[in-house]
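Asker: Chains as they are written, first to last, in the working numbering: chain A, 1 to 492; chain B, 493 to 1013.
Idealized CB from N, CA, C, for every residue including glycine.
Source: prediction; values computed, not measured.
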Amino acid sequence: MRFPWSDVWAILPELLVIGAACLILVLDPITSVARKDGLAWIGLATLAICCGFTAAHMDGRTTAFSGLVILDGYAAFWKLLLYVVTGLTILLSLAYLKEERIVLGEYYGFLLLSLCGMMVMVSAADLLTLYLGMELMSLSLYILAGVKRYEARSLEAAAKYFVLGAFSSGMMLYGISLLFGATGSTKLDGIAAAIGTGEMQDPMLVLAMLLLLVGFGFKIAAVPFHMWTPDVYEGSPTAVTAFMAVASKAASFAAFLRVFVEGLGGIRSDWAGLLTLICLATLMIGNLVALVQTNIKRMLAYSSIAHAGYALVGIVAIGSATGGAETEQSIASVMLYLAMYAFMTLGAFSIVAMLRRNGLESEELDAFAGLARREPVAAFLMLIFMVSLAGLPPTAGFIGKLYVFLAAVHSGLTWLAVFALVFAAVSAYYYLRVVMAIYMREPDQGGAPVPVLASSPALTIVLTCATAGVIMLGLFPGPLVSLATQAILTLR
Amino acid sequence: MSTLPWLTLLIFFPVAGACALAVVKESSVRATALICTVVEFGLSLPVWFGFDHGTSAMQFAETASWIAFPPITYRLGIDGISLPLVLMTTLLMPLCVLISWQAIQTRVRGFMASLLVMEAATIGVFVALDFVLFYVFWEAMLIPMYLLIGVWGGPNRLYAAIKFFLYTLAGSVLLLAAILVLYFQGGETFDILALSRTPLSPVLQTWLFIAFFAAFAVKVPMWPFHTWLPDAHVEAPTAGSVILASVLLKMGTYGFLRLSLPILPDASYRFANAMIVLSLIAIIYGAFMALAQADLKKLIAYSSVSHMGFVTLGIFTFTQQGIEGAVLQMVNHGITTGALFLCVGAIYERTHSRLIVDNAGLAGPMPRYATFLVIFALSSLGLPGTNSFVGEFLVLVGTFLWSKIATAVAALGVILAAAYLLWMVQRVAFGPARTDGHLHDLTAREMLTMSPLVIAIFWIGFIPNTLLTPMHESVTHLLVSRSGVDGPAPEPQLALGSTAAAALERTILDARHDANQEGPQ
């Protein structure tokens, strides 16, 4: 048999990333502590190369490995986003690990392995490929969550994440097998074709869909599958939390969309109703519970649950869409939303990660009191991120919400848009509490030293990129919009 | 004159100024801010003098594509309704900088930057002709105002700031939903002018009107959505109160004029009676509340509720006089109430109390201050010869054409205004002195701040046509273009309900008749 060079070529970025990960793992033991940073730069260089390769594949739709992997504009869009997020996370980690005195070169290796899993997820045309990618992503994240070995919280987060993640994987796998039983295929196009015959009234199919929904619900932290999120987000090292909140969520949404649109698009009416309930619950619980948080990482965890709710509004809109244009617009809106969400959340977590009191992270909201006096620039950036998360113009958060709600209204779900908008107004309260602490409170002088931002060149780059993303996407979303609309043309 | 993009300059010059503030030396922050606002005022003069009074079309129009899909356009234009508001904003801003010269001693840089960003956002609201662009400016002003109240405000500032923010935000989220619905129902466009030519079904109009109302009524604020206003005013620094009263509140009534009336004419007409009743309640309620206040700022805040009631009353009479009076009253309220807040700010700097009892008998030690206070109070109560008289008179004439009872109730509000303002002046200026004798009178800087407003008060009072003439065509267009009476209507006429059409026709003919008799020269 001839060696499938063209197939290998198609997964070249994945191979590069996994190669770099292995290289880092191999080099780590023989690298001196002073040179551990070099390992991060290997990762960044790999990402840059992958960017070039993926950008060249924005058009067209090719499959590889007999239809297990797909290379299309949709996957390319998500991969580019993931590269950016991973790159920024690596830079943030450079600063963060130093502050935390974590000397673990393999950290970067696991980041890249996780990224590779995500890339497989967004490129998966087969549920088993998807499962492989998801497991690779998750297992690496479990390890990363526990990377602060000396801290009980971190270990607890890792254990909790692992147990619940494994549980959700089991659900997923169960759903996949039922779906295989119902349709005779694990390939998305095979499933779609089987459903398309119009003779599928199989309860097994619906049950399979439900189980898949549970699996994805865990990964995107939608209510009622969100229970792990606050604890895991709080316990994990903050740089890892940022990565979880942004990259793993983006990849899971990407796979979620592809499975439910390409594979299960035929039973839209079955999943749309259920998803509407999940979306409403997510918006409500996420926003309301965030209101009472005093730990900023927990607040951001609930905020990320709430943001999953806004993105779900776009997916519900797909479920209710009656025409091709509406479906396309809805898919594009979800893609845009997550892209915009990525920048503001990364920015917010970066500041949380680097705000330190006596060299330790200060995660309480009170730590932000009076930050405007001590760190005017960081305070202003945090203001921008909070304003964007609250969805106010002229920031990316507003444009993201605009597109999602536009999609909802287009699909005739005005009431859902109004519901989500009302909770967006509610969310303003807890984001403003941070602004209030920064600008309007004085630090409590209880003898504790005031927190300051541990600045470093890497952090400056991260914050600059995040701020530029939030502002530029808020003012000129045009290029990203056309990129997304172009990308979904390759989706079936 | 219109070769330069004047409106874009007006919006982005303050933004550039705010950026410049971030880098200038600490000692020159105030001067830089003052120069910026004065130059900004200068920039608005070409728009004022280059404005063509003979047309209702949008002038100094600019269009640039912003987001391709959905088609969101950077579309600006100014007509007779927005022109006075823009000019008022640019006039008041230098005064706000001047009054904060000494009052603000902490984080001056941030304060001045917030002022400039506010200026940009409010001017943006007044000239935006794309609905999303309008909304962007509408919301962009929230954060700087929140900071102005919350950082530089009084002791209870946190509560007031968040109350202000949440009230106004909650109001405007429904506006966003309405904008999105309007996009799909109005032919997939966000162009405000195009939307105002698109007929919409009555049911849809009703829902949209309610959503618009939520945003605008909170901002005006109309009774019973006004409760954030006294808190915000009391806690805000003087400049914040001035901007809040003079400029921000106008965004709500401007929204009614620019969006509700043209885009939703049927619903606006159907809700007119309800709106008039709410306005009358606001007028009377605000006046009585003002009577009962011991705190000067609260008194003026409630008088704002009352005065803004006149504005909404005028708008929803659907008459030429009523609406022209309303627009004029918007400017008047900006000038007069702004001036009164300046007075309170000046006295607060000296005695550190806003209570009337603590500030009694000021005419003795501070004669110049008393003079200004009396002028502003007389203007606020609508003495003939001052600006408010003209505005209130026009509103009352318009109301008379709509309902005689409503006119009587509104006129009662005028009397009550006289009562609470004169009583306030009597206690503050002429009562037995309760303060120590060593209060220094207004400084040159403070006189410089207040004098332009005195000039404006009498200018508008004696030559109201300065403002009425530019707005005349635009207001006529607002009334005529959708009513089917006459006038150039570019699109097929909207089928107004027969009663609505008849009533509109009547009022417009009345308006024509009156205009011919009194006629601005």
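Can you list the residues of chain B that V409(A) reaches, using a CB-CB cut of under 8 Å?
Answerer: Within 8 Å Cβ-Cβ: A669, L672, V673, Y675, F676.
Asker: Does T555(B) come out as helix, strand or coil in the three-state DSSP assignment?
Answerer: strand
Asker: Are V515(B) and T524(B) close, meaning C-beta to C-beta below 7 Å?
Answerer: no
Asker: Compute the Euclidean distance between the alpha carbons of V316(A) and L82(A), then round it to the nearest angstrom.
Answerer: Whole-angstrom Cα-Cα distance: 24 Å.
Asker: Mind checking whether G319(A) and S333(A) have CB atoms under 7 Å apart?
Answerer: no
Asker: Answer with buried or exposed for L791(B), where buried requires no fewer than 16 other C-beta atoms within 10 angstroms of its C-beta.
Answerer: So L791(B) ends up on the buried side.
Asker: Pick helix, strand or coil for R61(A), following the three-state DSSP scheme.
Answerer: strand
Asker: DSSP state of I102(A), grouped into three classes?
Answerer: In the structure shown, I102(A) falls within a coil segment according to DSSP collapsed to helix, strand and coil.
Asker: What do you get for E680(B), buried or exposed, if any count of 16 or more other CB atoms within 10 angstroms of its CB means buried?
Answerer: exposed
Asker: If we cut at 7 Å on Cβ distances, does E631(B) have a partner in chain A?
Answerer: yes
Asker: Rounded to whole angstroms, what is the Cα-Cα separation between H932(B) and Q594(B)?
Answerer: 15 Å
Asker: Do V665(B) and L421(A) have their C-beta atoms within less than 7 Å of each other?
Answerer: A contact, by the Cβ cut-off of 7 Å.
Asker: Check Y310(A) in the structure and name its three-state DSSP category.
Answerer: In the three-state DSSP reduction, Y310(A) falls in the helix class (H, G or I).
Asker: Show which residues of chain B have a CB atom less than 9 Å away from the CB atom of G181(A).
Answerer: Result: empty, since nearest Cβ-Cβ is about 42 Å, beyond 9 Å.
Asker: Under the rule that 16 or more other beta-carbon atoms within 10 Å means buried, what is N648(B), buried or exposed?
Answerer: exposed
Asker: Which chain B residues are close to T485(A), counting only those with a beta carbon under 8 Å from its beta carbon?
Answerer: Taking a Cβ-Cβ cut-off of 8 Å, the neighbours of T485(A) in chain B comprise F561, given in sequence order.
Asker: Could you name the residues of chain A that A620(B) contacts, counting a contact when the two beta carbons are closer than 9 Å?
Answerer: Correct list: empty, because the minimum Cβ distance to chain A is about 12 Å.
Asker: 7 Å is my cut-off, CB to CB: does I1021(B) come that close to chain A?
Answerer: No information on residue 1021(B) is available, as it lies outside the stretch 493 to 1013 that chain B covers here.
Asker: With burial defined as no fewer than 16 other Cβ atoms inside 10 Å of the residue's Cβ, what is the status of A855(B): buried or exposed?
Answerer: buried
Asker: Check for me: the alpha helix (DSSP H) holding G497(A) runs from which residue to which?
Answerer: With chain A covering 1 to 492 only, the question about residue 497(A) has no answer from this structure.
Asker: Under 7 Å, do A369(A) and R441(A) count as touching if we go by C-beta distance?
Answerer: yes
Asker: Checking contacts by CB at 7 Å: is T276(A) closer than that to chain B?
Answerer: no
Asker: Ends of the beta strand (DSSP E) at L355(A)?
Answerer: 355-357
Asker: Show which residues of chain A have a CB atom less than 8 Å away from the CB atom of I654(B).
Answerer: Y429, L432, M436
Asker: Suppose you measure from the CA of A194(A) to the CA of T183(A); what does that come to, to the nearest Å?
Answerer: 6 Å
Asker: Can you look up V739(B) in the DSSP assignment and give me helix, strand or coil?
Answerer: V739(B) falls in the helix class under three-state DSSP.
Asker: Cβ of A425(A) less than 7 Å from any chain B Cβ?
Answerer: yes
Asker: How far does the beta strand (DSSP E) with D72(A) in it reach, from first residue to last?
Answerer: 69-72
Asker: If distances are taken between C-alpha atoms only, which option among Y861(B), K896(B), A831(B) comes closest to S871(B)?
Answerer: A831(B)
Asker: Scan the region 778-859 of chain B and note each continuous alpha helix (DSSP H) run of 4 residues or more that stays entirely inside, going in chain order.
Answerer: Listed in chain order, the complete alpha helix (DSSP H) runs (minimum 4 residues) inside the region 778-859 of chain B are 788-807, 812-843.
Asker: Run through chain A and tell me which residues come within less than 7 Å of A556(B), C-beta to C-beta.
Answerer: Within chain A, no residue comes near A556(B); the closest Cβ sits about 12 Å away, beyond 7 Å.
Asker: Measure the C-alpha to C-alpha separation of L47(A) and V292(A) and round it to an integer number of angstroms.
Answerer: 39 Å
Asker: Do the CB positions of E727(B) and A652(B) come within less than 7 Å of each other?
Answerer: yes
Asker: At 7 Å on the CB atoms, spell out the chain A contacts of Y651(B), in chain order.
Answerer: Within 7 Å of the CB of Y651(B), no CB atom of chain A is found; the nearest one sits about 10 Å away.
Asker: In angstroms, rounded to a whole number, what distance separates the CA positions of L178(A) and A311(A)?
Answerer: 27 Å
Asker: Is the beta carbon of A759(B) less than 7 Å from the beta carbon of F701(B)?
Answerer: yes
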